[in-house]
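Novice: As given, the protein sequences belong to chains A and B, one line each in that order. One gets the numbering used here by counting positions in the first sequence from 1 and adding 2 to each. One gets the numbering used here by counting positions in the second sequence from 1 and adding 2 to each. Just so it is clear, CB atoms sit at the ideal spot from N, CA and C, and this is done for glycine as well.
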Amino acid sequence: MLNPLLYYIKNKGKGLLLLFAIVVCVLGVVFVSTIILSISDTCKPLMVYPYENFTAVRLLNDDKPDAESELSEKAALSDCIPMKVSVFDFKLITVSSSSMIMNFEDKTDIGVIMDKCAVQLTEGVLPEKGKNEIIVHENILKNKKLKLGDELNSYKITGAFSGKPVFGLGYMDSTAAEEEFKQPRTYIVFADNDVRSRLKELSADDWKVYTIDDANQDLDNSFSDLNLILAISIIMLTISISIAIAALVFSQYASRYDEFAILNTIGYKKKSIIALIIKEILIISIVGWAIGYGLALLGIWLVYINVYRNTGQTMNIFNIVALKYSFVPLICSVLFTLIPTTRKICKTDLISIIERRN
Amino acid sequence: MELTAEEIVLKYKDGRNDLTILNELNVTFKPGAVNVLIGPSGSGKSSLLYLLSGLRKATSGVIKFNDILISDTTGTEKIRYENFGFIFQHSFLIPYLNVTENICMARKDMDLKSKAEELLKKLKIQDLAKKKIYQLSGGEKQRVAIARALVKEPSVIFADEPTASLDKENAKNVFNILRKNSKDKIVIIATHDTSLINENDHVFVIDDGKIMEQNPDNDTKEPLQSRKKRKK
Ligand SMILES: Nc1ncnc2c1ncn2[C@@H]1O[C@H](COP(=O)(O)OP(=O)(O)O)[C@@H](O)[C@H]1O
Ligand SMILES: [Mg+2]
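1) Comparing the CB of ILE127(B) with every heavy atom of ligand 1, is any distance shorter than 8 Å?
2) Strictly under 9 Å for the Cβ-Cβ distance: is PHE94(B) near chain A by that measure?
3) For ARG60(A), name the three-state secondary structure that DSSP assigns.
4) Run the CB neighbour count on ALA233(A), radius 10 Å, all protein chains shown included, and call it buried at 16 or more, exposed below.
5) For VAL36(B) and SER257(A), what's the separation of their Cα atoms in angstroms?
6) Grouping DSSP H, G and I as helix and E and B as strand, with all else coil, what is GLN128(B)?
7) Look at the Cβ atom of ILE191(B), then the Cβ atom of LEU24(B), and state whether they are nearer than 9 Å.
8) Please confirm if GLU9(B) has its CB atom under 9 Å from at least one CB of chain A.
9) Answer yes or no: the CB of ILE23(B) versus the heavy atoms of ligand 1, is any distance below 8 Å?
10) LEU71(B) touches chain A at which residues, Cβ-Cβ below 7 Å?
11) When the distance is taken between beta carbons, is ILE10(B) closer than 9 Å to ILE65(B)?
12) Expressed to the nearest angstrom, what Euclidean distance is found between the alpha-carbon atoms of VAL87(A) and MET104(A)?
13) DSSP three-state label for THR193(B), please.
14) Is it the case that the segment 38 to 50 of chain A contacts the segment 92 to 106 of chain A, given that we only count it when at least three CB pairs across the two stretches are under 8 Å?
15) Could you tell me which uninterrupted alpha helix (DSSP H) segments, each at least 4 residues in length, are contained entirely in the segment 173 to 219 of chain A, listed from first to last along the chain?
16) Residue range of the beta strand (DSSP E) that PRO33(B) falls in?
17) Would you call ASN40(B) buried or exposed, if buried means 16 or more other Cβ atoms sit within 10 Å of its Cβ?
18) Which chain B residues sit within Cβ distance under 9 Å of MET3(A)?
19) When you compare each of ALA77(A), GLY15(A), GLN315(A) to ARG200(A) by their alpha carbons, which one comes out closest?
20) Indicate whether at least one CB of chain B lies closer than 9 Å to the CB of LYS349(A).
21) Between the Cα of LYS349(A) and those of TYR310(A), VAL336(A), ALA263(A), spot the shortest distance and give me the residue it belongs to.
22) What's the C-alpha gap between LYS132(B) and TYR10(A)?
23) Taking the alpha-carbon positions, what's the LYS158(A) to GLU135(A) distance?
24) Flag this pair as yes or no: are the beta carbons of LEU168(B) and GLY141(B) separated by less than 9 Å?
25) Taking its Cβ as the centre, do 16 or more other Cβ atoms sit within 10 Å of ARG82(B), making it buried, or is it exposed?
26) PHE88(B) versus chain A: which residues are under 8 Å apart at the beta carbon?
27) Going by DSSP in three states, PHE92(A) sits in which element: helix, strand or coil?
28) Applying the 10 Å Cβ sphere with the 16-neighbour rule, what's the burial state of PHE177(B)?
29) Expressed to the nearest angstrom, what Euclidean distance is found between the alpha-carbon atoms of GLY149(A) and ARG311(A)?
30) Compare the beta carbon distance of THR343(A) and ILE285(A) with 9 Å and say whether it is the shorter of the two.
31) Roughly how many whole angstroms lie between the Cα atoms of TYR52(B) and ARG58(B)?
32) Closest by CA to GLU180(A), which one among THR188(A), ASP108(A), THR339(A), ILE355(A)?
33) Among ASN229(A), VAL305(A), ALA162(A), VAL114(A), whose alpha-carbon lies nearest the alpha-carbon of ASN141(A)?
34) With DSSP as the reference, label LEU18(A) as helix, strand or coil.
35) Check the Cβ-Cβ distances between LEU8(A) and every residue of chain B, and say whether any is below 9 Å.
36) So GLU4(B) and LYS32(B) are in contact, right, with Cβ under 8 Å, and what is the actual spacing, rounded?
Shown next, in the form of structure tokens:
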């Protein structure tokens, strides 16, 4: 058996150069794709998760006195909670998205809404009825660099909560509430699948019904451009990586045909020479991949700790898509080594390599 | 023990034409004395060694080592690995391994270390054991190649121009080492340097695609041209 580590042990410089190239490529691919993909990770809690708990229903037609009874045909009115929504910017690493504040009338119990949305108060107190007061998700505080007592969209923040969905919840000052809720225009409906599909039957001329499916759809739509950019950058990165790695492995292995010819002459089968090459390149590529992936995770974690966490952004550190992309440099180095070398070893009469030199 | 070639034809493609290098050649090699192949450059000495060792396939004809058919089998590596040793002209060594490691490459299924040491001593290069190949002179490299060929105790040793890069002194030494090993091994040396041949060697002349054993009584230094004419 030929020792697959021997060549790189004896040619440490060449081994380290190849290892370094693979490490840098994997690191680059994983880091870039995780950061880009993290934008959608941050947007999900803003754009999608709220609608996992409720469906939003908005009346489009101002002049519709029987609106409430029409709604009650589709869902129990006790599940339909009128609210007023206001939005604010939520900054992401490269772009900006938005989040919402939902304000309720005094008869609505915010504690119940919090239960239904599975969020828990972590600091401060609940907002007081009849006042412009809200509680917000703790990531909103971080992102907007606010503290309790500060104002957001002219509502005073009295507390913060944690949980999956990111938004703000609160009451309105009594006079404004009276005006707003005389003829409510927006409801959140705590609805199961049946109710959700029944709500969808509401006339689209009068009502806009926004469900979790719509939220997912919107997220996908708003990320289709970003996904295209990601795909293009990954493809460009991949092409340059392929060229770099191909050139490197090609030149390293091209200078070793003499060695392979010598081995074949003294009795090593072409099959075992190819097996040697496969083992060599697999070992170095997998080690390079592991180091590169490890360093990328470390880098991403540092970015998370130092930037994301402080600004209330979310990141999926172990991103499956990034993991998939990380195999591209690995596959490149293995294929660009194996295809030319096995072709040459199988097709040529190896003794002619020695003959030519003699 | 014998290595035989029967009715060997070897043609190379030369553009559109076939170039016939060996033409219905017959020969048998045995142990007892070194077999020296001589002939002008381009006469096909190297080609014949490649055919005999299964490194290249003949256009037609049969090559046998004892009863093993070499000319027909595709995988001749096993025979080379177990039975054949090779010494080629120059830098026929793996550049990044040291002397001992190169010698031990001969077979990976045996521990050759102590035998390698012994051979290095016999070849008077024991001080070089740990040296890299690029640190060696031409003569030293050739001795390392010889050690690698001998270390696995092959039945046949093929040497193609083993003295081409050596001075007279070293060339003589190489021939003497090979002669010492020819008692129980078939040793075949291809060379164009007839001055190294002595009276006990078996000399074969390749010319015009044929091979002829030179009568031991003849003057081995006789020019090939006149010899050929006389035989005709
Ligand atoms: N692979 C090859 N393809 C085509 N022609 C070859 C090849 N190898 C050798 N030849 C030709 O065959 C002839 C014999 O070559 P060779 O066996 O090397 O002779 P020698 O070793 O006696 O000098 C030469 O004319 C050479 O050019
Ligand atoms: Mg030759």
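Specialist: In brief:
1) Taking non-hydrogen atoms of ligand 1 into account, the C-beta of ILE127(B) is found less than 8 Å away from none of them.
2) yes
3) DSSP places ARG60(A) in strand when its eight states are reduced to three.
4) exposed
5) 35 Å
6) helix
7) no
8) no
9) yes
10) The premise fails here: LEU71(B) is roughly 17 Å from chain A at the closest Cβ pair, so nothing lies under 7 Å.
11) yes
12) 5 Å
13) coil
14) Enough Cβ pairs lie closer than 8 Å, so yes.
15) Taking only runs of at least 4 residues, the alpha helix (DSSP H) segments lying wholly in the segment 173 to 219 of chain A are 176 to 184, 195 to 201.
16) First-last for PRO33(B): undefined, no H or E at that position.
17) The identity of residue 40(B) in the sequence shown is Ile, whereas the question assumes Asn. Buried, because 16 or more other Cβ atoms sit within 10 Å of the Cβ of ILE40(B).
18) LYS110, ASP111
19) Ranking ALA77(A), GLY15(A), GLN315(A) by Cα distance to ARG200(A) puts ALA77(A) first.
20) no
21) ALA263(A)
22) Answer to the nearest angstrom: the Cα atoms are 18 Å apart.
23) 5 Å
24) Yes, Cβ-Cβ distance for LEU168(B) and GLY141(B) is below 9 Å.
25) buried
26) Residues of chain A passing the Cβ test: THR267, ILE268.
27) strand
28) buried
29) Residue identity check: residue 149(A) is Lys in the sequence provided, not Gly. If you take the alpha carbons of LYS149(A) and ARG311(A), they lie about 16 Å apart.
30) ILE285(A) is positioned such that its CB atom lies no closer than 9 Å to that of THR343(A).
31) So the alpha carbons of these two residues sit roughly 5 Å apart.
32) Comparing alpha-carbon positions, the option among THR188(A), ASP108(A), THR339(A), ILE355(A) lying closest to GLU180(A) turns out to be ASP108(A).
33) ALA162(A)
34) helix
35) Yes, LEU8(A) lies at the interface with chain B (some Cβ there is under 9 Å from its Cβ).
36) 5 Å
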